[in-house]
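Asks: The structure is given below, and queries will be raised subsequently.
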Amino acid sequence: MRRKGIARLEPLLYLLPALVFFVLFTYYPFVKTVFNSFFLTNFMGIRKEFVGLENYLRILQDKEFFAAIKNTFIYVLASVPLSVFIALLLALIANKKTRSSPVYETMFALPMAMSSSVCAMIFELMYNPSLGILNEILGTNISWLTDSRYTIYSISFISVWMNIGFNFLFLLAAVRNVPADLLEAADMEGASFFHRTTKIILPIVSPTVFFLIINSLARSMMMSGLVIILTDGGRSGSASTMISYMYTQSVNSQNYNNGYAAAIVAFIITFILMLVSFGFEKKYVHYD
Amino acid sequence: MKKLFCLMLIAAMLLGLLAGCGSNTSNDAGGGSEDGVITIEYWNSAEGAMATSTEYLVKLFNDTVGKEKGIVVNSVFQGGDVMEKLKTLAQANDYGNFPDVGQIYSAGIPTLVTMDPLYTMSEVYDSGKFEITVKQEDIIENFLRTYQYEGELIGMPLNASSMLMYYNKDAAREAGLDPDAPPATIAELAEWTDKLTVRNDDGSIARYGLNIQMDRYELVNFLSGVSDTGCNYIGDNGGGRDGMMTKLTIGEDGSLMTFLNEWEKVIATGGYKAVNDDERGEFANGLSAINFQSSSQLATMFENTEGKFELGVAPLPACSDQYNAGAAVGGGSLCMFDLGSEERLQAAWEFVQFMVSADSQMYLFENNGYLPVCAAAYETDAYAAFIEERPEAAVAVEQLYNSDVGMQEPLDLINWELNTLSKENFISWTNGEISKQECHDNIVDNFNAKLTEYIRANG
Numbered sequence: 001m002r003r004k005g006i007a008r009l010e011p012l013l014y015l016l017p018a019l020v021f022f023v024l025f026t027y028y029p030f031v032k033t034v035f036n037s038f039f040l041t042n043f044m045g046i047r048k049e050f051v052g053l054e055n056y057l058r059i060l061q062d063k064e065f066f067a068a069i070k071n072t073f074i075y076v077l078a079s080v081p082l083s084v085f086i087a088l089l090l091a092l093i094a095n096k097k098t099r100s101s102p103v104y105e106t107m108f109a110l111p112m113a114m115s116s117s118v119c120a121m122i123f124e125l126m127y128n129p130s131l132g133i134l135n136e137i138l139g140t141n142i143s144w145l146t147d148s149r150y151t152i153y154s155i156s157f158i159s160v161w162m163n164i165g166f167n168f169l170f171l172l173a174a175v176r177n178v179p180a181d182l183l184e185a186a187d188m189e190g191a192s193f194f195h196r197t198t199k200i201i202l203p204i205v206s207p208t209v210f211f212l213i214i215n216s217l218a219r220s221m222m223m224s225g226l227v228i229i230l231t232d233g234g235r236s237g238s239a240s241t242m243i244s245y246m247y248t249q250s251v252n253s254q255n256y257n258n259g260y261a262a263a264i265v266a267f268i269i270t271f272i273l274m275l276v277s278f279g280f281e282k283k284y285v286h287y288d
Numbered sequence: 001m002k003k004l005f006c007l008m009l010i011a012a013m014l015l016g017l018l019a020g021c022g023s024n025t026s027n028d029a030g031g032g033s034e035d036g037v038i039t040i041e042y043w044n045s046a047e048g049a050m051a052t053s054t055e056y057l058v059k060l061f062n063d064t065v066g067k068e069k070g071i072v073v074n075s076v077f078q079g080g081d082v083m084e085k086l087k088t089l090a091q092a093n094d095y096g097n098f099p100d101v102g103q104i105y106s107a108g109i110p111t112l113v114t115m116d117p118l119y120t121m122s123e124v125y126d127s128g129k130f131e132i133t134v135k136q137e138d139i140i141e142n143f144l145r146t147y148q149y150e151g152e153l154i155g156m157p158l159n160a161s162s163m164l165m166y167y168n169k170d171a172a173r174e175a176g177l178d179p180d181a182p183p184a185t186i187a188e189l190a191e192w193t194d195k196l197t198v199r200n201d202d203g204s205i206a207r208y209g210l211n212i213q214m215d216r217y218e219l220v221n222f223l224s225g226v227s228d229t230g231c232n233y234i235g236d237n238g239g240g241r242d243g244m245m246t247k248l249t250i251g252e253d254g255s256l257m258t259f260l261n262e263w264e265k266v267i268a269t270g271g272y273k274a275v276n277d278d279e280r281g282e283f284a285n286g287l288s289a290i291n292f293q294s295s296s297q298l299a300t301m302f303e304n305t306e307g308k309f310e311l312g313v314a315p316l317p318a319c320s321d322q323y324n325a326g327a328a329v330g331g332g333s334l335c336m337f338d339l340g341s342e343e344r345l346q347a348a349w350e351f352v353q354f355m356v357s358a359d360s361q362m363y364l365f366e367n368n369g370y371l372p373v374c375a376a377a378y379e380t381d382a383y384a385a386f387i388e389e390r391p392e393a394a395v396a397v398e399q400l401y402n403s404d405v406g407m408q409e410p411l412d413l414i415n416w417e418l419n420t421l422s423k424e425n426f427i428s429w430t431n432g433e434i435s436k437q438e439c440h441d442n443i444v445d446n447f448n449a450k451l452t453e454y455i456r457a458n459g
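Residue numbers (the working numbering), protein chains in the order written: chain A, 1 to 288; chain B, 1 to 459.
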């Protein structure tokens, strides 16, 4: 009897260390943020008075916060599909194992090893309108990081480049796991490259594609580093994202009231987006 | 046996975790007293050349005064702003992990005075407990004023700088301007900007006459002399030094509009670039002819332009003939923290005195362009020799002596907001997207609204 009890308890005990970390560093801060968002809080994070929804109403009347929400969606739409699509193309190209495979596989995956601050500095030099290589090659005179028409796309481009390596590794493994007999049968039936890809490879790798999209989506919705390093949010918040808005309000302006509310709104929007994305799983993802 | 081992492992992990969470009041890793030697911690935000100088001076202290008095300073770089780290500790009520000495910028003073362990310089001088070799009157008044709050000296000025005008003398000659008579007013700056601008055949600009992004630092410096009383405090309560600043005064006293009226002449030339893509790099590569930077950039500016063109250095132009020239003091200070040990406080004070001694200050001046904060440094042979070798360095010193003591960056509590508002509205105005009046109102009204919001939560 006693042995049965321990056996039942054992898996829970294995989970306990991870759970402790989750509670300490995720759930507790989250609950505290939700709670604090209904209070007036000073720069030391001390609650002064209950203000109900006032913090939410204030940021929802702030044009910059709406610009941040819009920018976040532009950023997600411009970077997530493209980084998965390019990585898939590269995986298809690199699918066949040859003697030079390790070389180009490493080259394709290399951006994964770059920190975002290093990437930001490299691209900052490239984007410089007068001294940078980009305008020189294109023959243009565009202020990539200060002209509000281009800023968010310039940042999305960096993000695409940075995410390709990670996506490529997963997709290469998935593409190489497609059963060879299926592909051989398709070849014998005279299927074209396009048909082989869309009718056999894509359905089989769809769980990996789905995982990468969900993963990129969550990370992109929370993106702030590149925006803060390269643009400080851009002119009139033209490049700020929800999380960079939260950061500048809380850290730079020492206004935790707006920061807490922005964090919760960002969470709700991201959560809804994730739920919608999971809705597509049943229709487009094949596990058989 | 296996299960028992697993359970023990889990228990050990949990205990380790809990122990980690519980330790929040010690500073054993960074400081303490052992074998009669006191180790103190110095948190700094020194980057680039200043980082090298800081390490040199700390080592020099440890090898000389420190060795003699049994003090070891452990220097720790804490990123661009030490105040951010102190704020994080204060939010967790973890004062035990404060350093003994921190390098603090003036903008951090209003926050710093709310922190319990702060041991102000006024307390040092008034307590009678410390051996004083650097008296308060030995420090130049302009620098003392920077770190005063409600009459009390909070920090000891360490690395002081002021904004200077850097210009391309070769370009000035080509444009028929006298390179040894740089613009003294904004109107003259506009004339120079116009003449120094070079256009391509298609009308695009090959070289801007002037490139300066009007951030808070630049705006405050240009405005600091725009006042009938000699200096402009920018905000009420003496710019936040006599009490909490509650509003900008540059709107109601007309000083901002006075400046904008003059700056309009610069914009009208069409040869002014209001965005900072890489101001220093573009200036060094001949893509702009005038640029404004801190005096701490003096060595870098000479290094960057060497072999390309002759670099000119001049004081900041006054708003007009009617107003004083001069500049606000920038840079950082040394602040002390009482961690409950008298001997560590004494050790911290020894270190502070060493850092502001004439020799240390001359070292910073020669290697980084920071102006010596103690008057004695200006009397040394080293100073005379350095000025002879690099006469341009004297420009910042002369500017300092010509500046009213009240010319200071304000303690404006939410300086980030002023930075953003100033930068964005000047760019929009230059691009013709908003009018001069809108630029003025956007800066003043939006900042005051944000400040009111801040005071409601923190006042």
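Glycine residues also receive a C-beta, built at the ideal position from the N, C-alpha and C atoms. Since the model is a prediction, treat every value here as computed from it, not as a measurement.
Buried or exposed: which applies to residue 125(A), given that a residue is buried once 16 or more other Cβ atoms fall within 10 Å of its Cβ?
Replies: exposed
Asks: Provide the residue span of the alpha helix (DSSP H) that contains residue 75(B), from first to last.
Replies: For residue 75(B), there is no enclosing alpha helix (DSSP H); the enclosing beta strand (DSSP E) covers residues 71-77.
Asks: Consult DSSP for residue 374(B) and reduce its assignment to one of helix, strand or coil.
Replies: Residue 374(B) sits in a strand when the DSSP states are folded into three classes.
Asks: Measure from the alpha carbon of residue 44(A) to the alpha carbon of each residue in 373(B), 41(B), 94(B) and 39(B), then state which is nearest.
Replies: 94(B)
Asks: My guess is that residue 315(B) and residue 395(B) are in contact by the Cβ rule of under 8 Å, so how many angstroms apart are they, rounded?
Replies: 6 Å
Asks: In whole angstroms, give me the CA-to-CA distance for residue 410(B) and residue 84(B).
Replies: 19 Å
Asks: Buried or exposed: where does residue 166(B) fall if 16 or more other Cβ atoms within 10 Å of its Cβ makes it buried?
Replies: buried
Asks: Which residue from 303(B), 192(B) and 298(B) puts its Cα closest to that of residue 270(B)?
Replies: Nearest option by C-alpha distance: 192(B).
Asks: Quick one: which chain A residues come within Cβ less than 8 Å of residue 416(B)?
Replies: 248, 252 and 253
Asks: To which residues of the same chain is residue 256(B) closer than 6 Å at the C-beta, ignoring the five residues directly before and after it?
Replies: 250 and 440
Asks: Counting only Cβ pairs nearer than 9 Å, list the residues of chain B close to residue 36(A).
Replies: Under the 9 Å cutoff, chain B gives no residues; its nearest Cβ is about 12 Å from residue 36(A).
Asks: Report the residue ranges of all alpha helix (DSSP H) runs contained in full by the stretch 116-148 of chain A; include only those spanning at least 4 residues, in chain order.
Replies: 116-127 and 133-138
Asks: Are there three or more Cβ pairs, one per stretch, closer than 8 Å when the stretch 161-179 of chain B is compared with the stretch 321-339 of chain B?
Replies: yes
Asks: Using three-state DSSP, classify residue 39(B) as helix, strand or coil.
Replies: strand
Asks: How would you list, in chain order, the residues of chain B whose beta-carbon sits under 8 Å from the beta-carbon of residue 85(A)?
Replies: Within chain B, no residue comes near residue 85(A); the closest Cβ sits about 32 Å away, beyond 8 Å.
Asks: For the putative contact between residue 109(A) and residue 237(A), defined by C-beta atoms under 8 Å, what is the C-beta separation to the nearest angstrom?
Replies: Between residue 237(A) and residue 109(A) the Cβ distance is about 35 Å, and since that is not below 8 Å, they are no contact.
Asks: Can you confirm whether the stretch 140-156 of chain A touches the stretch 265-280 of chain B when touching is taken to mean that 3 or more C-beta pairs between the two stretches lie within less than 8 Å?
Replies: yes
Asks: Please name the residues in the stretch 206-236 of chain A whose beta-carbon is closer than 9 Å to at least one beta-carbon of chain B, in chain order.
Replies: 232, 233, 235 and 236
Asks: Tell me whether residue 269(A) sits in a helix, a strand or coil according to DSSP, three-state version.
Replies: helix
Asks: Which residues of the stretch 271-299 of chain B have a Cβ closer than 7 Å to any Cβ of chain A? Give them in chain order.
Replies: 275, 277, 278, 281, 282, 285 and 287
Asks: For residue 318(B), which three-state DSSP category applies?
Replies: strand
Asks: How long is the line joining the alpha carbons of residue 55(B) and residue 47(B), rounded to whole angstroms?
Replies: 11 Å
Asks: At the level of alpha carbons, what is the spacing between residue 22(B) and residue 57(B)?
Replies: With a pLDDT of 40 at residue 22(B), under the threshold of 50, the modelled position of that residue is not reliable, and the figure given next carries that caveat. Between residue 22(B) and residue 57(B), the C-alpha separation is close to 36 Å.
Asks: Given a cut-off of 9 Å on the beta-carbon distance, is the pair residue 319(B) and residue 186(B) in contact?
Replies: Cβ distance < 9 Å, so residue 319(B) and residue 186(B) count as in contact.
Asks: What residue range does the alpha helix (DSSP H) around residue 176(A) cover?
Replies: Boundaries of the alpha helix (DSSP H) around residue 176(A): 151-176.
Asks: Just the C-alpha distance for residue 236(B) and residue 228(A), rounded to the nearest angstrom, thanks.
Replies: 31 Å
Asks: Hey, how far is the Cα of residue 248(B) from the Cα of residue 452(B)?
Replies: Roughly 11 Å separates the two Cα atoms.
Asks: Could you work out which residue in 264(B), 213(B), 348(B) and 245(B) is closest to residue 72(B) when comparing CA atoms only?
Replies: Ranked by Cα distance from residue 72(B), the options 264(B), 213(B), 348(B) and 245(B) are led by 348(B).
Asks: Using a Cβ cut-off of 7 Å, pull out every chain B residue sitting near residue 134(A), in sequence order please.
Replies: The premise fails here: residue 134(A) is roughly 12 Å from chain B at the closest Cβ pair, so nothing lies under 7 Å.
Asks: For residue 50(B), which residues from the same chain have a beta carbon less than 6 Å from its beta carbon, with the 5 sequence-adjacent residues on both sides left out?
Replies: 368
Asks: Of all the options 326(B), 354(B), 170(B) and 432(B), which has the alpha carbon lying nearest to the alpha carbon of residue 63(B)?
Replies: Of 326(B), 354(B), 170(B) and 432(B), the residue nearest in Cα terms is 354(B).
Asks: Within 10 Å of its beta-carbon, does residue 141(A) have 16 or more other beta-carbons around it, so buried, or fewer, so exposed?
Replies: Answer is exposed; the Cβ neighbour count stays below 16.
Asks: From residue 284(A) to residue 179(A), what does the alpha carbon distance come to, in whole angstroms?
Replies: 20 Å
Asks: How about residue 41(A) and residue 449(B): are their beta carbons less than 9 Å apart?
Replies: no
Asks: State the beta-bridge partners of residue 166(B) as determined by DSSP.
Replies: 291(B) and 313(B)
Asks: Would you mind sorting residue 25(B) into buried or exposed? The rule is 16 or more other CB atoms within 10 Å of its CB.
Replies: With a pLDDT of 43 at residue 25(B), under the threshold of 50, the modelled position of that residue is not reliable, and no figure is offered here.
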